[in-house]
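Trainee: Starting off with a structure, shown below.
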Ligand SMILES: Cc1ncc(C[n+]2csc(CCOP(=O)(O)OP(=O)(O)O)c2C)c(N)n1
């Protein structure tokens with residue numbers, strides 16, 4: 001057999017050893033030397049003959065050893081004993097010597113250097129080294145890193161695993177501290193179980209090591225300079241983590257179990273409803289060591305908090321108070337996400353969040369993931385839940401190192417935690433610990449698990465807790481006195497009992513702080529900017545850096561922009577210019593701006609060009625980062641093709657740094673329904689549930705333009721459905737100036753009256769002359785929640801119909817032929833749909849004393865759009881002054897027609913009906929005109 005018959009890495013490794021031997025025989029260990037001494041492949045090759053038989057056997061065995069070692073490193077985790085309940089690992093044939101044509105005797109005869117790595121150095125033979133490898137890779141830890149493609153990372157992980165560098169200290173203080181911590185964790189659950197039998201708490205028991213793991217990660221990250229940890233976690237073990245990692249006082253948690261109605265009702269007048277205790281968030285009030293720890297509140301929707309926590313970490317690590325790009329330092333914050341095993345594999349938002357991890361605008365410098373793997377998802381087994389081999393399978397595709405670890409082995413668990421933060425500190429990348437434990441009770445404490453898992457729960461019933469096991473181990477090896485474990489149990493029970501005995505639930509209960517904006521603050525904000533300043537900023541934004549070559553098709557637009565301020569009363573400000581100037585002036589005011597969304601840098605409709613690319617070199621130019629008047633950073637990022645995680649991320653970023661203007665743009669408005677969980681569970685309800693005050697801006701391009709059911713409607717009904725207690729603003733602007741003012745108003749209100757802002761933005765109107773505004777509109781105007789019909793005001797006495805509409809349909813109305821003839825109709829725009837502009841609308845209606853009916857005109861079908869929301873409010877407002885009519889598409893399952901021609905017909909009818917005082921329709925139609 002010739003050496004070249006061996007292929008790949010094995011032959012390469014043997015050759016490398018042999019070359020080393022040829023250059024310097026002393027450079028290999030004596031046993032390897034002896035083999036090479038009897039082997040002369042170079043001579044064989046030169047003579048074109050096969051090696052002598054004994055040599056071939058030796059090579060075969062050498063390669064066998066190398067292969068065996070490699071397989072243990074790659075697949076050893078398949079044989080690791082990860083399940084505390086004792087199920088057999090699947091194993092793999094390649095982990096046995098026989099699979100590689102070798103025996104134990106061969107291994108004993110061969111040198112340890114063939115195995116390589118730290119274990120080889122301390123071993124007398126390949127056999128000994130392989131045994132050591134087995135102890136590392138096939139015991140209670142499964143190192144799963146073969147999918148890492150970067151050699152430096154893989155090598156580091158291999159060395160870290162094999163060197164035992166990250167094993168925790170085993171001195172008496174440390175081992176006792178772990179026992180004390182585990183006792184605290186267990187006793188807390190036992191106390192709650194006893195005191196509040198059957199009450200849901202989603203006990204941590206079976207995964208108790210989660211708390212010491214978090215301790216270790218947080219302390220380790222602090223040693224590396226991190227100052228803020230952000231913990232995103234679901235229900236399981238949350239109360240325990242709140243109590244012991246975030247130091248939430250026992251009294252507060254116990255008071256929540258008591259659920260004192262009096263304390264809760266204190267804030268219901270402010271629109272505050274609260275949430276169940278295992279959704280609550282917390283923040284340490286003083287640094288723990290050098291670290292602040294924050295756990296954002298989260299809804300029941302599993303994993304939905306993942307991008308939120310990651311976005312918070314990004315915000316906390318970003319400095320934005322300087323001109324130019326925002327500066328992110330991943331070293332100062334560390335996000336930690338605690339996942340469920342069924343949820344990690346089942347919820348798509350996990351994949352979306354992992355996909356953010358290495359993207360420029362989203363990376364956090366490494367998120368540490370822990371799967372709290374209790375081998376069940378409610379009643380579902382792993383076989384029901386995932387198609388991957390492990391719950392963590394998804395992480396492999398994102399090249400995240402994975403350590404599976406048996407939750408009953410504290411040493412292995414702590415080693416995994418130490419490895420996690422060291423890896424993060426070194427490479428700034430994500431790391432995953434798959435903590436394999438069990439669930440001592442049912443899904444919740446009132447649930448009977450043995451209906452569906454009878455065998456498993458038989459085992460669990462007699463399975464000692466990790467505290468008991470660790471205590472026994474320490475007693476057995478003489479590290480602690482035999483009575484200590486029970487003494488610790490008593491100590492922690494005593495503490496809880498004392499707190500409970502003194503508990504006054506009404507006082508201990510702490511509702512979240514809910515800020516209530518001063519009434520009417522939004523309408524008082526002055527948002528105009530002096531013309532001179534606007535002109536200067538406009539010029540600065542258009543400055544051409546030496547040598548930068550703009551795309552030739554952009555030149556005309558830039559010329560137009562340059563001339564935009566030549567005449568203050570000319571409609572020269574289009575939508576994109578208004579946005580650019582609004583953002584620039586916000587930056588001049590010292591408010592940082594972050595803008596993200598699919599293709600936002602250019603803009604879906606090629607209108608924004610916030611990032612220019614040199615036509616010759618591709619070099620980027622971002623004027624909003626360059627113009628000298630700016631006093632805060634501007635960042636803009638094309639987002640990945642995700643709605644749910646990207647909205648969640650921006651929500652997190654926003655609530656963490658509420659003084660920055662955060663804008664997310666949907667590619668088309670209706671795509672925001674991909675983020676419906678984020679809207680319902682976070683954006684619109686966060687204040688009512690948790691006292692959070694988001695102020696995120698959503699730009700939702702849409703338009704009934706005959707392009708089918710998609711992208712016609714931005715689905716305002718979805719936001720209006722959720723609108724209550726002044727929890728959001730929803731606007732549908734019809735002019736560039738309105739857009740300018742509403743953005744500036746949002747920035748101005750960030751501190752005193754923060755609310756999420758939804759802007760239904762246009763598509764075809766982006767460049768429409770009737771939507772363009774004058775420079776003076778930017779100087780003198782302010783955002784108007786209702787715009788009256790200027791043209792009709794002169795003939796107010798002759799107006800017998802007021803048609804109220806919102807958005808693009810206004811342009812269709814005033815450009816229609818009927819506009820010239822129907823002199824009896826005033827067309828008023830409702831620019832703000834929520835909060836309902838009652839006062840402004842009342843004023844407008846009051847100007848038309850002869851009005852005989854008020855029309856609500858919308859392009860959407862009757863069951864969509866703003867109508868269902870507006871109707872009772874308008875009826876209330878109009879009273880018995882006159883009837884209210886609806887003009888719009890008839891109820892429909894789909895937002896619009898699937899044909900441009902049909903759209904034209906419907907749209908024409910719609911406009912005609914708005915002007916037709918009788919409202920009669922003679923033929924079957926999609927359009928509905930009716931008195932209500
Ligand atoms: C998005 C979503 N779907 C369904 C549920 C209902 N649910 C609550 S917990 C749970 C099981 C979760 O299993 P796992 O992720 O393994 O966490 P565990 O409860 O076992 O800790 C389910 C299905 C939910 N909360 N969220």
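Numbering (this note's numbering), first residue to last: 1 to 932.
Ideal Cβ placement from N, Cα and C applies to all residues, glycine included.
1) Consult DSSP for residue 165 and reduce its assignment to one of helix, strand or coil.
2) Where in the segment 810-883 do unbroken runs of the alpha helix (DSSP H), each at least 4 residues long, occur, reported from the N-terminal end onward?
3) Name the one or two DSSP bridge partners that residue 373 has.
4) Does the Cβ of residue 150 have 16 or more other Cβ atoms within 10 Å, making it buried, or fewer, making it exposed?
5) Can you tell me whether DSSP reads residue 603 as helix, strand or coil?
6) Within the same chain, show all residues whose beta-carbon is closer than 6 Å to that of residue 836, passing over the 5 residues directly before and after it, in chain order.
7) Run the CB neighbour count on residue 861, radius 10 Å, all protein chains shown included, and call it buried at 16 or more, exposed below.
8) So which of 580, 408, 720 and 782 has the shortest CA-CA distance to residue 209?
9) Would you kindly check if the distance between the Cβ of residue 858 and the Cβ of residue 888 is under 9 Å?
10) Could you pull the start and end residues of the alpha helix (DSSP H) that residue 345 belongs to?
11) So, helix, strand or coil for residue 44, using DSSP?
12) Output the residue ranges of the alpha helix (DSSP H) runs that lie fully inside the segment 463-537 and measure 4 residues or longer, sorted by chain position.
13) Can you tell me the Cα-Cα spacing of residue 391 and residue 812, whole angstroms?
14) Taking 8 Å as the cut-off, is the CB of residue 868 close to at least one heavy atom of ligand 1?
15) So, at 7 Å on beta carbons, what are the nonlocal neighbours of residue 690 in its own chain, with the 5 sequence-adjacent residues on each side left out?
16) Just list the beta strand (DSSP E) runs in the segment 739-791, keeping only unbroken ones of 3 residues or longer that don't cross its boundaries, in chain order.
17) Tell me whether residue 633 sits in a helix, a strand or coil according to DSSP, three-state version.
18) Suppose contacts are defined by Cβ-Cβ distances below 9 Å. Is residue 362 in contact with residue 157 by that definition?
19) Looking at residue 771 and residue 815, is the spacing between their C-beta atoms short of 9 Å?
20) Which complete alpha helix (DSSP H) runs does the segment 618-690 hold, if anything under 4 residues is left out?
21) Alpha carbon to alpha carbon, how far is residue 454 from residue 167?
22) So, for residue 932: in the same chain, excluding its five sequence neighbours on each side, which residues have a beta-carbon less than 6 Å away from its beta-carbon?
23) Going straight from the alpha carbon of residue 51 to that of residue 129, what length do you get?
24) Buried or exposed: residue 494, going by 16 or more other Cβ atoms within 10 Å of its Cβ?
25) Report buried or exposed for residue 6, applying the criterion of at least 16 other Cβ atoms within 10 angstroms of its Cβ.
26) Need the endpoints of the alpha helix (DSSP H) that residue 572 sits in, please.
27) Should residue 352 be counted as a contact of ligand 1 given a C-beta to heavy atom distance under 8 Å?
28) Taking the continuous beta strand (DSSP E) assigned at residue 704, which residues delimit it?
29) Would you check whether ligand 1 has a heavy atom nearer than 8 Å to the C-beta of residue 1014?
30) In the DSSP assignment, find the alpha helix (DSSP H) that holds residue 144 and state where it starts and stops.
31) With a threshold of 16 other CB atoms inside 10 Å of the CB of residue 793, please say whether the residue is buried or exposed.
32) Using a 10 Å radius around the Cβ and a threshold of 16 neighbouring Cβ atoms, would you call residue 929 buried or exposed?
33) Taking 8 Å as the threshold, find out whether the segment 464-475 comes into contact with the segment 485-501 through three or more Cβ pairs.
34) Since residue 653 and residue 314 should fall inside the 8 Å C-beta cutoff, what is the C-beta to C-beta distance between them, to a whole number of angstroms?
35) Going by beta carbon distance, what residues of the same chain come within less than 7 Å of residue 345, once the five residues before and after it are set aside?
36) Provide the residue span of the beta strand (DSSP E) that contains residue 292, from first to last.
Mentor: This is what the structure holds:
1) coil
2) 818-821, 838-846 and 867-878
3) 436
4) Exposed is the call here.
5) Coil at residue 603, not helix or strand.
6) 873
7) buried
8) For the residues 580, 408, 720 and 782, the minimum Cα distance to residue 209 belongs to 408.
9) yes
10) 341-346
11) Legend: pLDDT at residue 44 = 44, less than 50; position of this residue unreliable, value from coordinates given subsequently. Note: residue 44 maps to helix in three-state DSSP.
12) 466-476, 484-501, 505-508 and 521-524
13) One C-alpha to the other measures close to 54 Å.
14) no
15) 275, 281, 297 and 512
16) 757-761
17) strand
18) no
19) no
20) 623-626, 644-656 and 686-690
21) It is roughly 37 Å from the alpha-carbon of residue 454 to the alpha-carbon of residue 167.
22) So the qualifying residues of the chain are 884 and 886.
23) With a pLDDT of only 44 at residue 51, under 50, the local geometry of the prediction cannot be trusted, and no value is derived from it.
24) exposed
25) Residue confidence for residue 6 is low, a pLDDT of 47 falling below 50, so the modelled location carries little weight; the figure read from the coordinates is stated next. By the neighbour-count rule (16 or more Cβ atoms within 10 Å), residue 6 is buried.
26) From DSSP, residue 572 is part of no alpha helix (DSSP H); its letter is neither H nor E.
27) no
28) It is not in any beta strand (DSSP E) - residue 704 carries neither H nor E in the DSSP assignment.
29) Lying before the first or after the last residue shown, residue 1014 is absent from the chain, which here runs from 1 to 932.
30) Element bounds for residue 144: not the alpha helix (DSSP H) but the beta strand (DSSP E), 141-144.
31) exposed
32) buried
33) Yes: the two stretches touch, three or more of their Cβ pairs being nearer than 8 Å.
34) 6 Å
35) Only 385, 386, 388, 391, 393 and 394 meet the Cβ criterion.
36) 292-295
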